[in-house]
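Here the numbering used here is used: the sequence shown runs in plain steps of one and ends on residue 52. As structure tokens, the structure follows; a few thoughts come after it.
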Amino acid sequence: MTIALLIALAGSLAAMAVIVRRLEQR
Numbered sequence: 027m028t029i030a031l032l033i034a035l036a037g038s039l040a041a042m043a044v045i046v047r048r049l050e051q052r
């Protein structure tokens, strides 16, 4: 379960970073 939580957290952080970068590029 710990691995699943880490993957979920990493995925959410990566998604947020991508969204922020796209917004900044605009």
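We treat Cβ as the ideally placed atom computed from N, Cα and C, and that holds for glycine.
Alpha carbon to alpha carbon, how far is Leu31 from Gln51? 30 Å
Can you tell me where the alpha helix (DSSP H) with Met42 in it begins and where it stops? 28-51
Between which residues of its own chain and Arg47 is the CB-CB distance below 7 Å, once the five residues before and five after are set aside? none
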